[in-house]
Each structure stands twice: as C-alpha cells, then as structure tokens.
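Trainee: Just dropping this structure here.
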Amino acid sequence: MADAKQVHPKRTLRLGKWVQPILGVVFAAFLLWRLYRILFVEHVYGPDTWVKFAISGLILGGVYAVIALGYTLVYGILFMINFAHGDVMMLGAYMGYFVLEGFKSANMLDWNWAGPLGAGIASALGASAEAATEAGAIASLVLAVLIAFVAGMGVSMLTAIGLERIAYRPLRRAPRLVPLISAIGASLFLENAAQLMFGATPRVYSNPTLIDRKAGWTLYVGGEWVSSPGVTAWQGKPVLLTYTGVITFVMSVVLMVVLYILVQRTRMGRAMRAVAEDKETAALMGIDIDRVIGNTFAISGLLAGAAGVLWGLHMGRLDPMIGFIPGLKAFTAAVLGGIGNVPGAMLGGLTLGILEAVGPGFLGMPFQLKDVLAFSTLVLVLIFRPRGILGEVLSEKKM
Amino acid sequence: MNILESQQVTKRFGGLTAVSKVDLEVPERSILSIIGPNGAGKTTFFNCVTGFYRAEEGSLYFDGTRLNDLRPDEIAARGISRTYQNIRLFHAMTALENILVGQHPNLRAGLCEALFRWLPAAPKSGRARRLEAAALGAALLLFAAIPVLVIAGLLEKTALFRAALIPLGLAALVGIPLWVLGTVHLVRWNLQAPSPGRAALSAGLFVVLSGTLHPLLYIVGSRLHAHEEQAAFTAGEEEGAALREATRLLNFVGLTGKGDWLARNLPYGDQRRLEIARALASNPKLLLLDEPTAGMNPAETEEMIHFIRRLRDELGMTILLIEHDMRVVMGISDWVVVLDYGVKICEGTPGQVQCNPRVIEAYLGKKGVAA
Amino acid sequence: MNIRATIRRGLLVGLVVLFIFVLGVTTLTGSIVQGWFKLDSGAAGAWLLLCGLALWNGATTVRRAACHSWKAALWNGLLAGAVPGLVVAAYTLATGALIAAGAPLREWLVQLTPEAIGLLTLGRPPLAAAGLLWAALAAAGLVGGLLGEWGARRHWGESIRRRGQAGRAAIVALPVVQKSVAFKYTRYILIGVGVVLLVIAPLFLGQYWTYTLGLVGIYVILGVGLNVVVGLAGLLDLGYVAFFAIGAYTVALLTAPTPHGIMMSFWLALPIGVALAATAGVLLGIPVLRMRGDYLAIVTLGFGEIIRILSTSDVLTTFTGGPRGVRNVGSPTLLGLDLSNYFYHLILLAIVLVVVLSTRLQNSRVGRAWMAMRDDEDVAQAMGIHVLKYKLLAFAIGASFAGLGGVLFASRNLFTGPDDHILLVSINVLCLVIVGGMGSIPGVVLGALVLKGLPEVLRELKDYRMLAFGTLLVVMMILRPEGLWPSKRRSLELRADDEAAAKPQPPTGAGP
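Chains as they are written, first to last, in the working numbering: chain C, 279 to 677; chain S, 345 to 715; chain L, 269 to 780.
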C-alpha cells in the first residue's frame, strides 16, 4: 500500500488560499497597465526596437533552452541539480574558440580544404565562377564551424563524463546535501581551472567573415514617412537579423528535436526514462544503471558544448565565468518549463529568453536589472507553480 | 459518544479515487479495525484523518471538531497520534529523543525559554496568552518606533517624527499598565518566598526592562509568579519531567535501557515498539496504528495484541487499526470496517464480517465465494 | 602483473600531470622550492614534483598489483614511470617544437610561458629535453616501484598504524592524562586557558595578524549562524550573504555621513541591523521554505544575487551608495572612549554570544524539533511540530547571526560596498561549515581557521585558493562528508556501517 506519494509541494496555508489569486489579479492588472502605457502613452521604443528585442530574445532563448535540456536530463535521472553544467558549457565554448583561432592563424578560416571541394561541386552543377567561389567559401565556413562544434561538444562531453565519474558517482547513495556540495565544488574547480589555464581576460571569438557577428539580413520594420525632394516614401527602420543569430536559433531547434527523438524513440532513451522513473526497478529489468547515467551526462555534455560554441559565435565574448549566470538562468528556464521534461525545457528556455529581452522595456525597468528579472522569475515560479508550465507533478522520492 | 466521525469522506488523486464516500463512526474506548485488500485506500484514509491529505469531499469530526482544514500538527495537538506501515522513526536520533519529540505538543518551551532556561514557560489560559501577546506586540512596536524616531529626529523630518509618535503612544498606552501589572507580579513573587537571589533578580529585571522594553516586564513577572504557584515550569524543569516521562514510556513498551541507542540501530521489533512509544508520548485520545504486526512472528503478534488491549483498558485510548493479520483483527476488534477500491463494502462485528460474501469476494475473488 | 591496467593508470597519471602543468602548479611548486632553498631557478622544484608523482604512481601501482617479486616490482615500477614519462615527454617535445616554430601558445594557455616550458626543457633542445624527462620519470617510477614492494613486504602501512595506536594508547595511559580526564573541571580549565590566550593574543600578534584573526572570527560567527540553518534544520541556504549584506549596509547607512547623514551611534545601529536581518530572514522564509532542498538552494541563491545586483545598480544609488559603497562607517564608542582598536575583542564577545545561544537552542525542544524536521519532515509535522514556524525560526536566527557579523565587519572596515557581498561569501561560509563539520561548533571554528586563516598564511597560493576550495569540497564529500571535526551525531549519521555505531552511545542533547 503506497505510503505518501506526495503532491509537490503542499500548499497548506489557509490564508494562503487567497494570497495567490489576489496577487495574480494585481500582477495581471499591472501588466495590462504597462501594455496600455506602452501602446498609447509612452513611445520610448518604436516597433523596430521591439522586433529587435523579440529577435534577440528568441535567439538567447534558444541557447538557454539547449543548456536547460542538459539540466533537465540530469535532474530527471538523478534528482540533482548539476551546478557545474554551466561550466561544462564554458569549456566547450573555449574549445571552439581554440579551433577557430587555430584555423585563423593558419589562414584557413575563410578558405580551406573544403573550399575547392565546394567550388568544384558548384561548378559541376553549372554555377558561374562567382557562385562557385561563394559555394567554396560557404563550404570552408561549414568545415571550420563544424570542426569547432565537434571539438567543443567533444570536450564538454568528456568533461561531463569525467564530472560524473569523479564527483557524482561515489555519492549516489549519500543524503541529498552531499552531491549538491560536491557539484558546487566541481563548479568552483572548473571555473578556476579555466581561469588559470586560459587567463581571466576576456577573449573574442573569431567568426569566419561570412558569418561575422555584424553580418546578416536586414529587415525593415515599422517606419515613417520620409520625404526627399520630389519623393515621399515610407521608409522602414532597419533591424539586423544576424546570420549567427539564425544559425543559433536553427541549431537550437534542431538539437531539441534530435534530443526529443532520442529520448522518446530510441532504446537508450527508453532506458533513460526507465531509470528516471525508478532506478531500482530498472536495474532489476537488466538495465545497466551506471552506463545509462554515464550516457545521460554525455548527452548533457554534448548539448552544453554545442550551446557554448553557439554562444561564442553569436555573443562573441568569452571568459571563464560565462558559464555561471547563463547556467543559472538556464536552470530557471528548465524549472519554468517544467523540470524533468524535455519539451518543457525548450518552452522554458524560449520563454525566459523573450522575458529577459522584452521584459525590462515592457515593465519600464532599467536594463541593468535584467538579471534581477530572470532571478525573480525563478523565485516566483518556484513559489507559485513549482512544477512549471508543462511539468508533471513529480512524486517525491524519499531517500 | 463517537470520538471520530467520518462523513462521506472522499479523496481523489487525479483520475483515481482512492477513498470514496466513506462513512465511519468510532465510539470512544473502542478498538476498530479497517481491513481490505491492498490498494483499498486504508492508509489514504488514515492520511486524511491525520491531515496529511485534504479530503476533497466529506467531513471528518474528532471530538466534535472538524478536521478537514486543520494542519497535521494542529490535529496532532488535539490528540490524534499514528504509527506508520513502514516504520518512520527519526533514524538519526536516539530512542529517548524520538519519544521526546513525540511529546512536543505537550511541552511548552519555545525560543525564549530555550535561551533563558530560568524563564518559566508560556501560560495555558487564553486570557493570559492574550495579555502576553499584547505585551510582546507593544514591546516590538516600541523597539521599532524608537529608531525611527531617532532617525527622523537626526534628519529633522518632523512629519515622520510626529507620525512615529503615534505608534509610540499606542505602545506606551498598552505597555504601561502591563508594566505595572508585571511589577505587581514580581513583588508578589518576592513576597511568597523572599530570598536575596530573588530580590536581586527582580531588581535587575526591573531596571533592565523598564526602559524601551517595559511591556516585557509583564511577561517575565507573570510567568515567574505563575511558576511560584506551580502553574508553569521553567524549561529546565520541563525537560527533566519530559525525560522522566520518556523513560517511563520506554519501559512501558519494553525497551528499558535502550534509551541511548540510535533509532536505526534497534532491531526491527524494538523499532516498532519505539514507534508506538513515540505515538503515545503526546497522550493521544485516538491512536491510529498502521499494520502494527507487519513482519512479526506469532509470538510477537500475541504480545502486540495484549499490548493494544492494555492501551485501551489501562490508558482509555481509542484505537483505529489497519491490519492484514486476521488473528489480530478477529482477536481484539470491537468493530470491523472493510474497504475495497476505496469504498466501504461492509462493517460489523468480526464474526459478521467474516461471513459476508462481498468481503470474501474482495479478498479471494469470485471463485473464492463458492469455496 | 596486469600490464594493461598499469598502462591505463600510467596514462591517467600522465594526463593529470599535463593538467597540473597547464594549470601552472608545477611553476608554482618550482618557485616555492626556489624560495625556500634559495636556488637559481625553479626547475628543481618542478622536476621534483614530476618525479615525485612518478614515484608515487610506481609505489601505488606495485602495491595494487601485489607483485610479490622484486623483478615484477621493478618492471611494474618502470612501466608506471615510463608511461606518464612518455606522455610528458611527448608534450614537452610538442610544445618545445611549437614554440620554436613560433606558435603563440602562450596566448592560448596562459601558463605556458617560455619560462615555464624552460623549467621542463632546461634550456636544451626539445628532443633532448624530452628524452631526459622520460628517463627521469621512468627512473622515478622504478624507484617508487621498488619502494612500494619493500614497503609491502615490510608491511609498512600496518606497522605505522599499529605504532600510532600504541603511541596514542601510551599517551592516554600516562598518569597525568588519566587524572586530568577524570578531574571534573578539566574541560573548563582548558576552555578558560584558551579564552585567556585568545584575549591577550593581540598584544603579541601585531596589527596584521590581529586583523586576520578578527576576520576568521567574523566568519566563525557566520558559520555558527549557517550551522543553525543547514546543520540543525537541514535547510540549504546559498543566499546567506544577503543577510550579511543587510547587517553591513544597515550599520553603514545609519552611521556614515553619506549618503544619508544620520550619524547614529554604533550601539544603536547594531541591534537595528540584527533585527532587520532577522526580519529579512522571516520575510524571505515565508514564501520560500515550503520548497524542497535543491530548489530552496537555488532560490536562496537567486535571492542573494538579486540583493547584490540591486545594491550595485544605479537605480538605488541614492539609497545604497551604489557601486562605490558607503565610506566612513561609524565605530563603537564606550563612554567617550573610541573602541575601534578593540574590535577583535568585540568579535570574541560576539562569538561567545552566538555559540552560547546556538548550543542552548540545540539542546532544547526547539533543537529537537529541528532535528526531527531534518530527518523526516512529514512525520515531524504529524508529531505536532509546526514545521513552517520552526523553519522560519531557524532562518531568522541564522539571519540575525549573519546580520551581527555584517555589522561588525562593516564597522571594522569603516567601509562596505557591493563587492563585499558577493555569492562567494555564501559559498565560503557554506564550505567552512561543511568542511569543518556540520552541526558542531569546534568544527565551524576549525573550518574558519582552515578556509580563511590558511590562505593568509600561504600567500603565494593566492591564485590557487579557489581551485583548492573546489577540490577540497569534492574530495571531502567523497572521503569525509561529515567534515573535519564533526559532531558525534553527524558522523554516526553518515557512517551507517561503522561497527562503533552498533553500540549504545552516550546521550547527546537528550536532556537539559
């Protein structure tokens, strides 16, 4: 007879029954008021700026989602927050940086072995000389970036696996506090090792010229009437949609989809889900727990590495601490969407990204405080809806 | 007189109805068993009674009080105790400490009494508690108002200064009579058993507390006076009495001498006894035992049966029992209730229930009825 | 003689050596040794480290393989030294060649300065240096292997252990020791002596060390407070620094001339600071304490960060002084006498206060309720414990201790700013509670001494301090999760299969 499959959590304050609805109403009223002001009263930001916010929010959200997936995978299996996950991402970002730097110092960033190959194929397909060169350039770019990704994801995967074997595996039976502290220690270790190895000065990612961070498509949004002698025309305001941004978003979505398929449709994914549900029973069914957990960490490492390289390509700036705050925010995203839940992590990441980009403007806060917005979201979600948007009510495992 | 009444209690988990419209009446000083196949909702029902779950529909009444909206600790304080199907002792604490925790609702030492061991515990009567709350409130208000006054004064914000005078005045208004009352209590405390120590302590307290925190003198004075009149005990005395009581309970359940054993190191049978001792520690009126004889051999089961009977006969407790062992059920129950899939399918004396075809079907399946 | 295992182990050790080199630890060791022995270069120290590692690998490999023959030990040891040697040699060759070819290695891996690499190559061409290294490490491994076999044959490990036990027993058997253990007041005398020593310490120690001890003292106060929250009530609070900040900022803003010009007396600001911190603890606790362990940790972390960001932000600069902080914080005066030179003693007093309060609480009904809640919250609630109230109490008490620490800290430094209140402080305090021993006061003191005092002693290791912290945390959790000086109860909790635990233990906190 089951003893206490507990609802998570219990809300037992009787007064509290009224607190939530009242706060909800107040908050909704506040949001509506802000909407009104923005649409009708203040015109601080034109529609082009809002679009810019939305775009950057979606892109950032994509990266958060990928990192959040890593968190959610590990939490689903071990019920443990992998504090060092953000630092795993940072290491992957650094590896990608070194690969691209290597290409750059060998002058192969814009044209390398793939170049003639690409040009050759394009010519064979009947393209003009110019188009062939461009095809070659694209091919070179793809090669460089691909190798950067492979290297970054590889390093992150190895780090994650190492992390699991050294810092987490011996502590699987310990009370919950112990692996958490170990995770904090591991995070400190990785951050400071990176600082010692690579130096604390920030570095800048060298993107191949074609996907330079300032290159992209220009959208024209909103706008105004502009008159010049003889002509009055509607000129939209330009909004830059960078190639890196698109690449980041697309890759994030691709990774999410791949992971979803992996977890839902493959044998390994099934094993992972079984171990997440009930470790002991899964072991009785013949599943090798250690291997599944190792695989989970490996996959979370791969994802983190990819996120790291994407971050580097799109944001450009790299230093040993870039894993910390995005890691925290990605965890917020995972919780927001529903922890232990793959679609939830995706949804949470995108939501948080947009919230962070659009929020300060919408709420009339200074941009300096956008981290406060993210952390407040975390606090509020955990207080009022701990299972997140898509989360299932998890049964609490007593250790 | 029914000590516990359950009226149409229903508990759902998502789509599953674990307990469905269960009516139950438990007379005082009776032993009532709830039986049924696994998954019938028995432990869920217990959890509803103790407040761990909130029933979706229906009402639970204990001694006339409606239990539905109360917290588990409030329900425990009213006199309901329980044991658990898979023993849930505090593994990291000793046996005695487990029992001491069980006494928690009956002890009165809180934060202040823990810090100042000579301070007697809070009073029990409602009027005295209200006065103490008023004194505490006034003291806090004074404590908060004075810095505000100082800051306002230093910053020369006269409006704030004047505004802060209002709560100060209010607090003083409430506080000064309480301060006087407290002084009276202190004086009477001294007169009842004069000694230089008492005089010194009283004088010291008077001096220290007659400034910003003067309402607190009421709390201290009245408690000391009450202590003298045997109405309140200091934390030290209370701990001593609690320890003696815990030792007595330890002996009562047959664990003499094992008080300092860590709970997790006790053998299984002793752990079960300790759990019962812990449940008894709060002097409950109603005891809920969840499969108390699980994992016991026939000899131990006999002992447990006698023990449960003693609890009812000597201590006047009402006992609600979940059991699978039919010897126990038939042996000591005054009344048996059968649940199946959350529904009460039968109730009656042990003899009646034994022969009921629905009960047999629930346990043995349809084919079993023919047998 | 399992060759594959030896090779695998050797590879692992080789990689670890590389990692150490890239982190700059070899360079560090080299410079330390250089300093101690007044040598010309750090090469001796660096080679010593590398050979030492190879030797250790040789010895442990042989012990593990249980060779039982000198020849096997020789070969095993050689292999155990040669494999990492090969790795290091290859690395030296590669980097030496790359640097000769002009590759900007140093830009990528900051520690690979020419000097650092020079420590390995000793100025010779890469091939020669690589060969030399390989030979040296292989030889070290060989020696280590032989040593390991010798030690195994002589059962060094056991004999050392036995001698240690015999020595300990002999000391305990001394009549002096026996009598003093029996003497009722020994404990108090020892404590008294300790207190007297602490009080007169500033007379001997000079200003720098007094300041350092004072800092350790403040962290002890913080540690005792966090001990109540984490060790007694089992609530993992990673935002503890927020309460520290509230105490510090309260006293700063109330006693400094800018930004508000209130200029209140220190003694009035102190209780206000503590009270505000306690109130903040209660306010934070009410929504947050219903969550489960990990979530609670993250939420408190978020809260701490929110406070820090707000205190740095421009928006609140007029209130908090912004990124530059608050200067000229007031000092305590007693009857006109400026006490700012006696902060050390004030801190000692504060430590005594918090220790007494904390111990009193632990051994009372409140402490039992906390321990029950930590053990099994649902059952504790069923026993009549109002869980939320007691959690809030723990939080408030922990917060008030932190506030006290903050007040003393800001007043002593005559300054406080957002950089004093970073996440690292919370992590530091958590580390010292965990490493020192959760739930035990001596453990907290030890933790504070180790984590705050030691870095001051070993100043050259400043850059590696955080790295050491992280490593220490992980290592301690694996090897000794109960901490260096745990409370009896905690070590029993965590070592479930200890035989000693099967016997009855003396009462801990069961009575007044």
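Note that CB positions come from ideal geometry on N, CA and C, so glycine has one too.
Could you spell out where the beta strand (DSSP E) holding K629/S opens and where it closes?
Mentor: Segment: none, K629/S is in no beta strand (DSSP E) and carries neither H nor E.
Trainee: When DSSP labels each residue in this structure, what does K365/S get in the three-state scheme?
Mentor: Strand, per DSSP.
Trainee: Tell me whether I490/S sits in a helix, a strand or coil according to DSSP, three-state version.
Mentor: Reduced to three states, the DSSP call for I490/S is helix.
Trainee: Could you confirm whether any beta carbon from chain L is found closer than 8 Å to the beta carbon of D678/S?
Mentor: Taking Cβ atoms only, chain L never reaches closer than 8 Å to D678/S, which makes this a no.
Trainee: For C392/S, is the classification buried or exposed, using 16 other Cβ atoms within 10 angstroms of its Cβ as the cut-off for buried?
Mentor: By the neighbour-count rule (16 or more Cβ atoms within 10 Å), C392/S is buried.
Trainee: Between V377/C and the rest of its own chain, which residues show a CB-CB distance below 7 Å, the 5 nearest in sequence each way excluded?
Mentor: Contacts found: I425, A426 and A429.
Trainee: Going by Cα to Cα distance, which pick from G671/L, L481/L and A322/L is closest to A403/L?
Mentor: Residue A322/L is the option with its Cα nearest to A403/L.
Trainee: So for V370/S, helix, strand or coil by DSSP?
Mentor: The answer is strand: DSSP assigns V370/S an E or B state.
Trainee: Do we get a CB-CB distance below 8 Å when we pair F737/L with the residues of chain C?
Mentor: Answer yes: the Cβ-Cβ gap between F737/L and chain C drops below 8 Å somewhere.
Trainee: Rounding to the nearest angstrom, what Cα-Cα distance links V583/L and G477/C in this structure?
Mentor: Looking at the two C-alpha atoms, the distance is approximately 33 Å.
Trainee: Using a Cβ-Cβ cut-off of 7 Å (strictly less than) and excluding sequence neighbours within five positions of T389/L, which residues of its own chain qualify?
Mentor: Answer for T389/L: T360, G364 and A397, listed in chain order.
Trainee: Quick check: G320/L and A406/L, are their CB atoms within less than 8 Å of each other?
Mentor: No; because the gap between Cβ atoms is not below 8 Å, this pair is not in contact.
Trainee: Find the residues of chain S that neighbour M639/L, judging by a C-beta separation of less than 9 Å, and give them in chain order.
Mentor: The contacting residues are F434, A436, M437, E441 and V445.
Trainee: Rounded to a whole number of angstroms, what is the C-alpha to C-alpha distance between V672/S and I649/S?
Mentor: Spanning the two alpha carbons is a distance of roughly 6 Å.
Trainee: Mind pulling the chain L residues with CB within less than 7 Å of V456/C?
Mentor: Here the neighbours are M745 and P749.
Trainee: Using Cβ-Cβ distances below 9 Å, what residues of the region 357-377 of chain L are close to chain C?
Mentor: Residues passing the 9 Å Cβ filter: A371, P372, E375, W376 and L377.
Trainee: Hey, is the region 459-477 of chain S in contact with the region 640-658 of chain S, meaning 3+ C-beta pairs nearer than 8 Å?
Mentor: The answer is no - the region 640-658 of chain S does not touch the region 459-477 of chain S, with fewer than three Cβ pairs under 8 Å.
Trainee: Which same chain residues, not among the five before or five after G584/S, have their C-beta less than 7 Å away from its C-beta?
Mentor: Closer than 7 Å at Cβ, skipping near neighbours: no residue.
Trainee: Check whether the Cβ atoms of A472/C and A461/C sit closer than 8 Å, and answer yes or no.
Mentor: In this structure, A461/C does not lie closer than 8 Å to A472/C by Cβ.
Trainee: Taking 8 Å as the cut-off, does the region 644-653 of chain L touch the region 588-596 of chain S (at least 3 CB pairs, one atom from each stretch)?
Mentor: No, they do not touch.
Trainee: Between which two residues does the alpha helix (DSSP H) harbouring D326/C extend?
Mentor: D326/C -> alpha helix (DSSP H) spans P325 to L356.
Trainee: How should V297/C be labelled, buried or exposed, when 16 other C-beta atoms within 10 angstroms of its C-beta is the threshold for buried?
Mentor: Answer is exposed; the Cβ neighbour count stays below 16.
Trainee: Between the C-alpha atoms of T547/L and A664/L, what's the straight-line distance to the nearest angstrom?
Mentor: If I take the Cα positions, the gap works out to 7 Å.
Trainee: According to DSSP, simplified to helix, strand and coil, what is D556/C?
Mentor: Here D556/C sits in coil by DSSP.
Trainee: By DSSP, does L411/S sit in helix, in strand, or in coil?
Mentor: Residue state, collapsed to three classes: coil.
Trainee: Mind pulling the chain L residues with CB within less than 7 Å of D634/S?
Mentor: Simply none; closest approach about 12 Å.
Trainee: Tell whether a beta-carbon distance below 8 Å holds between G282/L and V355/L.
Mentor: Contact flag set, yes.
Trainee: In this structure, how does DSSP classify M475/C when only helix, strand and coil are distinguished?
Mentor: Three-state DSSP puts M475/C in a helix.
Trainee: Quick one: what does DSSP say S403/S is sitting in, helix, strand or coil?
Mentor: Strand.
Trainee: Answer with buried or exposed for S530/C, where buried requires no fewer than 16 other C-beta atoms within 10 angstroms of its C-beta.
Mentor: Buried is the call here.
Trainee: So which residues on chain C does P555/L lean against when the C-beta distance must stay under 7 Å?
Mentor: Here the neighbours are I661.
Trainee: Sorted by chain position, which residues of the same chain lie with C-beta nearer than 6 Å to A282/C's C-beta, five sequence neighbours on each side aside?
Mentor: A caution first: A282/C carries a pLDDT of 32, below 50, which makes its placement in the model unreliable, though a value can still be read off. Hits under 6 Å: none found.
Trainee: With W571/C as the anchor, note down where its beta strand (DSSP E) starts and where it stops.
Mentor: In the sequence under discussion, the amino acid at residue 571/C is Ile, which differs from the Trp named in the question. Unbroken run through I571/C is the alpha helix (DSSP H), I567 to M593; no beta strand (DSSP E).
Trainee: Closer than 7 Å, Cβ to Cβ, to anything on chain L: give me those residues from the region 327-356 of chain C, in chain order.
Mentor: Under the 7 Å Cβ criterion, the region 327-356 of chain C contributes no residue.
Trainee: Pairing CB atoms from the region 628-637 of chain C with CB atoms from the region 582-593 of chain C, are three or more of them under 8 Å?
Mentor: Short answer: they don't touch.
Trainee: What does DSSP give as the partner residues of K382/C in its beta bridges?
Mentor: DSSP, once it has assigned bridges, lists no residue as partnering K382/C.
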